[in-house]
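What follows is one structure encoded as structure tokens, with my remarks underneath.
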Amino acid sequence: MKIAVRGGHNFKAKGAIGIIDETIENRKVYKALIKYLSIACHNVIDVTPGDSDVNTDL
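Every letter in the sequence shown is one number past the one before it in UniProt numbering, and letter 22, counting from 1, is 22.
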């Protein structure tokens, strides 16, 4: 199966910051997701854009 994964917010257009930083935690989860989907023999495409400001990211 071919699956596209997008990491969400980036380090210039950050998500919520409080007890944890959403962007940092999101990156941990999406990297693990890519790893385990690949292990399960899925074709994973990382479509996470590079760092961009809030207007460009929309």
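Even glycine gets a Cβ: it sits at the ideal position worked out from N, Cα and C.
It should be emphasised that the depicted structure is a prediction, and the values quoted were computed from it without experimental measurement.
Classify residue i as buried or exposed, calling it buried when 16 or more other Cβ atoms lie within 10 Å of its own Cβ.
i: N10; result: buried
Would you kindly report the start and end of the unbroken beta strand (DSSP E) that includes residue i?
i: N43; result: 43-46
Name the DSSP beta bridge partners of residue i, please?
i: V5; result: D46
i: I17; result: D21
Please list, in chain order, all residues of the same chain as residue i whose beta carbon is under 6 Å from its beta carbon, the five residues on each side excluded.
i: G15; result: H9, E22, T23
For residue i, which of the options has the nearest alpha-carbon?
i: V47; options: I39, Y36, Y30, A40; result: Y30
Just curious, the alpha helix (DSSP H) that residue i is in, first and last residue?
i: N26; result: 22-39
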